[in-house]
Amino acid sequence: MPEGHTVHRIALDHSKVLRGKRIAVSSPQRRFAADAALVDGVRLLGIEAYGKHLFYSWANGLVGHVHLGLFGKFRVHRGTAPIDAPTVRMRLAVPKATIDLTGPTDCAIGTAEDRDRIVQRLGPDPLREDADPQRAFESIARRVAPIGQLLLEQKVMSGVGNVYRAEALFANGMHPNRPGRAITPEAFAGLWTTVVTMLRQGVVDDRIITLDRDEYELPSGRTRRGETTYVYHRDLCLRCGTPILTVDLGGRPCYYCPVCQPD
DNA sequence: AAGAATGTTATGTA
DNA sequence: CTACATAACATTCT
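Note that our numbering has the first sequence beginning at 277, numbered continuously upward.
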């Protein structure tokens with residue numbers, strides 16, 4: 277274990293807070309969950325997500341903060357953990373299972389104030405009951421920046437990500453380059469509803485599938501990237517067959533169909 | 001085996 | 001203070 281990489285022992289159910297990030301299961305069993313847990317002898321009170329930030333509240337008042345970033349991953353091991361785990365940043369363990377966290381952008385122990393500071397700088401999270409969509413609309417409506425860029429900005433709204441931004445814009449027939457200030461309240465309402473629906477579906481599926489299930493059968497067996505979306509990472513639009521284009525927005529490619537999403 | 005990738009923030013410039 | 005671009009960081013897979 278490298279210096280400074282403290283290992284914490286806790287247990288939890290992550291399935292509701294990972295937003296399309298899948299837990300890699302190292303054994304045939306699908307998922308691990310636990311009701312109660314200990315953190316170095318301290319009870320885990322709960323896990324909460326704001327956007328893609330995960331917070332672990334412990335009975336000693338401290339709050340763990342994890343952000344998976346691009347590479348962060350939880351691996352579930354049934355039974356005892358592998359001994360050799362030099363890159364593990366957090367270990368979640370109970371007698372029958374171990375979940376190891378590797379590669380996160382953030383993994384730290386802090387206070388409730390540290391958590392509040394992070395939450396304060398985030399826009400409304402479409403997955404949360406307490407989200408106020410009006411806040412997001414107001415920050416969009418006074419910007420000229422393209423909506424495709426704004427959807428990735430955490431202070432506009434939090435937790436959307438590159439797949440859902442492309443798929444939500446597609447579902448609303450909205451070109452990613454449309455300026456924020458050109459988004460009407462009605463158009464925003466549709467977009468917000470789509471994002472909420474898609475993210476909730478992701479929680480149910482524990483992966484990202486944006487296909488309308490009345491229209492498309494779920495892909496069976498192993499699916500590759502670009503098989504569970506309409507435009508994201510596709511060569512051709514699933515709906516109309518037009519070649520998919522990308523535009524760089526927020527430093528990342530935004531996939532869109534020029535026919536289904538006219539200017 | 002270089003390069004891409006389901007993310008975000010800090011920092012510099014205008 | 002706002003807006004925008006770029007760099008930085010994490011790791012695995014093809």
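Beta carbons: idealized from backbone N, C-alpha and C, even for Gly.
Note that the structure is predicted; figures quoted are calculated from it, not measured.
**Study point:** Cβ distance (whole Å) where LEU426 is taken to contact ILE416 below 8 angstroms
**Key:** 5 angstroms between Cβ atoms; contact.
**Study point:** Cβ-based neighbour list, ARG528, same chain, cut-off 8 angstroms, excluding 5 preceding and 5 following
**Key:** Excluding residues within five positions, the ones whose Cβ falls inside 8 angstroms are LEU428 and ASN438.
Check your understanding: Buried or exposed: VAL480, going by 16 or more other Cβ atoms within 10 Å of its Cβ?
Key -> So VAL480 ends up on the exposed side.
Check your understanding: Do LEU525 and PRO519 have their C-beta atoms closer together than 9 angstroms?
Key -> Not a contact, by the Cβ cut-off of 9 angstroms.
Review point. Closest by CA to VAL523, which one among LEU514, THR363 and ARG441?
Key: With distances taken between Cα atoms, VAL523 lies closest to ARG441.
Practice item. Figure out for me which residue from LEU445, VAL472 and LYS328 has the closest Cα to the Cα of ARG391. Key: Ranking LEU445, VAL472 and LYS328 by CA distance to the CA of ARG391 puts LYS328 first.
**Study point:** Among THR374, VAL436, GLY449 and ALA421, nearest to VAL471 - alpha-carbon criterion
**Key:** The option with the nearest alpha carbon to VAL471 is VAL436.
Exercise for review: Return the CA-CA distance between GLU462 and ASN448, expressed in angstroms with no decimal places.
Suggested key: Take the alpha-carbon of GLU462 and the one of ASN448: they are about 11 angstroms apart.
Point to revise | Test item: CB-CB of GLY478 and LEU445 under 9 angstroms | key: No, these two residues do not count as a Cβ contact at 9 angstroms.
Check your understanding: Whose CA, out of MET450, LEU403, HIS341 and GLU405, lies closest to the CA of ILE394?
Key -> For ILE394, the nearest C-alpha among the options comes from HIS341.
Point to revise | Where PRO529 falls: helix, strand or coil (DSSP) | key: Strand, per DSSP.
Check your understanding: When you compare each of VAL339, TRP334 and LEU368 to LYS241 by their alpha carbons, which one comes out closest?
Key -> One cannot answer for residue 241 here, as it falls past the ends of the chain, which runs 277 to 539.
Check your understanding: Counting Cβ pairs closer than 8 angstroms, one from the stretch 399 to 406 and one from the stretch 480 to 494, do we hit at least three?
Key -> Counting C-beta pairs with one atom in each stretch, the stretch 399 to 406 and the stretch 480 to 494 have fewer than three that are closer than 8 angstroms, which means they do not touch.
**Study point:** Contact check, THR387 vs VAL420, beta carbons under 9 angstroms
**Key:** Not in contact: THR387 and VAL420 (Cβ atoms no closer than 9 angstroms).
Exercise for review: Could you pull out every residue in the same chain whose Cβ sits closer than 6 angstroms to the Cβ of LEU398, ignoring the five residues on either side in sequence?
Suggested key: Around LEU398, the same chain offers TYR326, GLY327, GLN430 and SER434 as residues with beta carbons nearer than 6 angstroms, after the five sequence neighbours per side are excluded.
Check your understanding: In its own chain, which residues sit with a C-beta less than 7 angstroms from the C-beta of CYS558, not counting the 5 before and 5 after it?
Key -> Because the chain in this structure spans residues 277 to 539, residue 558 falls outside the shown range and cannot be described.
Review point. Expressed to the nearest angstrom, what Euclidean distance is found between the alpha-carbon atoms of ALA287 and TRP334?
Key: Unreliable placement is indicated for ALA287, whose pLDDT of 48 sits below 50; the coordinate value is still reported in the next sentence. Rounded to whole angstroms, ALA287 to TRP334 spans 12 angstroms at the Cα level.
Review point. Thinking C-alpha only, which one of GLU389, PRO380, ILE385 and VAL352 is nearest ALA373?
Key: Nearest C-alpha to ALA373 among GLU389, PRO380, ILE385 and VAL352: VAL352.
Review point. For the candidate residues ARG457, THR363 and ASP490, whose alpha-carbon lies nearest to that of ARG418?
Key: The shortest C-alpha to C-alpha distance from ARG418 to any of ARG457, THR363 and ASP490 is the one to ARG457.
**Study point:** Bounding residues of the alpha helix (DSSP H) (the contiguous stretch that carries ALA417)
**Key:** That run of the alpha helix (DSSP H) goes 409 to 417.
Exercise for review: Reducing DSSP to helix, strand and coil, say where MET474 ends up.
Suggested key: Helix at MET474.
Review point. Across which residues does DSSP place GLY340 in a beta bridge pair?
Key: In the DSSP output, where bridge partners are listed per residue, GLY340 has TYR332 and ILE385.
Point to revise | Residue from LEU467, HIS509 and PRO538 with nearest C-alpha to CYS530 | key: Shortest Cα-Cα distance from CYS530 to any of LEU467, HIS509 and PRO538 involves HIS509.
Check your understanding: If you check the beta carbons only, do TYR332 and GLY345 fall under 9 angstroms apart?
Key -> Here TYR332 is not near GLY345, since their CB atoms are 9 angstroms or more apart.
Point to revise | Reduced DSSP category for ILE323 - H, G, I as helix; E, B as strand; rest coil | key: DSSP, read as helix, strand or coil, puts ILE323 in strand.
Check your understanding: Count the other CB atoms within 10 Å of the CB of ALA407; is the residue buried (16 or more) or exposed (fewer)?
Key -> So ALA407 counts as buried.
Check your understanding: Is it the case that the Cβ atoms of PRO452 and PRO409 are separated by a distance below 9 angstroms?
Key -> Their beta carbons are not under 9 angstroms apart, which means PRO452 does not touch PRO409 by this criterion.
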